[in-house]
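Let me begin by presenting the structure, written as structure tokens, before commenting on it.
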Amino acid sequence: MRDPTGEWKLFLVQMAVILAAVMVVRTFVVQPYVIPSASMIPTLQIGDYIATTKYSYGWSRYSMPFNLPAFKGRLDGSLPQRGDVVVFRYTQDPTVDYIKRAIGLPGDHVQMRAGRLFINGHAVATTAVGPYSVHDDQGRLLSGTVYTEDLPRGRGTLQHPVLKLTDGGAANNTADYVVPQGCVFFMGDDRDDSADSRFQGGRESGACPAPPGNDYLKSTGHDLGFVPMQNLVGRARLVLFSVDMHHPAWEFWYWPSEIRWGRFFQPIP
1 MRDPTGEWKL FLVQMAVILA AVMVVRTFVV QPYVIPSASM IPTLQIGDYI ATTKYSYGWS
61 RYSMPFNLPA FKGRLDGSLP QRGDVVVFRY TQDPTVDYIK RAIGLPGDHV QMRAGRLFIN
121 GHAVATTAVG PYSVHDDQGR LLSGTVYTED LPRGRGTLQH PVLKLTDGGA ANNTADYVVP
181 QGCVFFMGDD RDDSADSRFQ GGRESGACPA PPGNDYLKST GHDLGFVPMQ NLVGRARLVL
241 FSVDMHHPAW EFWYWPSEIR WGRFFQPIP
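Once you know that position 257 of the sequence shown is 257 in the UniProt record's numbering, the rest is easy, because the numbers rise by one and skip nothing.
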């Protein structure tokens, strides 16, 4: 005779094991994220679904599904390499995830001069690829140029794309930033539409301290600033799939035309 109560207990145990396995994988191994903004264009597009490895820089309280305030620092922690695309917690609100590229490591000097990136006093080599158009937050079509940037990385370089719309403005002509110990300087690949470590206004929350009397850029009272190592969540590795959602999800007849088939399973440089 079947035992309905026993079957339900078995089902609940199986579901608990599955949920626990999913939680362990998301916490310690890999976690998916969706790209919400244009700050990493052309590398990442709005609507990209990406896989992030959680073990790349060790684990902190922000690796967990819920924050553990008593857990300080990182377990098995390591610095990112210059050029890594990293998911981290926003310094002014640790419930919000950001994704940017690591540009400056502890002790590095980072500066923008006439739209050109300098690291430790040396200009980063760039090669023009071609024109690129992008819509801003107001829906206006802007024209720029994509460059390949040869970012210094270990004994070699990492080639990755950046988008430039202009060489002018304060964000393209900055002071010499010195990255504090235990912190990382991040920038978006869309260099003229990225709220990143170039902006250093506000220290009421978790950004690393800037030196007294600095002339760093200040955009708002809650800028990103230098990002503490404990805020790092993981390294972005792969675009799983991508959807250009210009229509509501229930308008399923648009789905085939809005799926970016060419971005499936693309590694992130």
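Every residue gets a Cβ at the ideal spot worked out from N, C-alpha and C, and that includes glycine.
C-alpha distance - residue i paired with residue j, whole-angstrom precision
i	j	result
glutamine 230	glutamine 31	18 Å
lysine 100	leucine 217	18 Å
asparagine 172	glutamate 258	34 Å
glycine 121	valine 178	11 Å
methionine 245	glutamine 159	29 Å
lysine 164	glycine 154	25 Å
glycine 169	arginine 198	12 Å
threonine 166	threonine 148	16 Å
tyrosine 132	leucine 142	8 Å
glutamine 45	leucine 19	30 Å
Extent of the continuous alpha helix (DSSP H) run through residue i
i	result
glutamate 258	255–258
Beta-carbon contacts of residue i that lie in its chain and below 6 Å, excluding the five residues immediately before and after
i	result
serine 194	Ser39 and Gly188
Distance cut-off 6 Å: residue i Cβ against heavy atoms of the ligand SAM
i	result
valine 146	Inclusion of the ligand SAM in the displayed structure is not the case, the ligand content being empty and no account of it being possible.
N-terminal and C-terminal residue of the beta strand (DSSP E) that residue i is part of
i	result
glycine 73	Per DSSP, glycine 73 belongs to no beta strand (DSSP E) and is neither H nor E.
histidine 135	125–135
lysine 54	It is not in any beta strand (DSSP E) - lysine 54 carries neither H nor E in the DSSP assignment.
isoleucine 99	97–104
histidine 109	109–113
Whole-angstrom C-beta distance between residue j and residue i, which should lie under 8 Å
i	j	result
arginine 237	threonine 53	6 Å
aspartate 97	valine 87	6 Å
proline 80	valine 184	6 Å
proline 106	tyrosine 62	Between tyrosine 62 and proline 106 the Cβ distance is about 19 Å, and since that is not below 8 Å, they are no contact.
Sequence-distant residues of the same chain with beta carbon closer than 8 Å to residue i, five excluded per side
i	result
aspartate 215	Ala175
Residues near residue i in its chain [Cβ-Cβ closer than 7 Å; skip 5 each side]
i	result
alanine 51	Val30, Pro32, Arg237, Leu238 and Leu240
residue 278	Outside the shown range of the chain (1 to 269) lies residue 278, about which nothing can therefore be said.
serine 78	Tyr57 and Gly58
- Message: Runs of 3 residues minimum, wholly inside the region 160–204: which ones carry the beta strand (DSSP E) assignment?
- Response: 183–187
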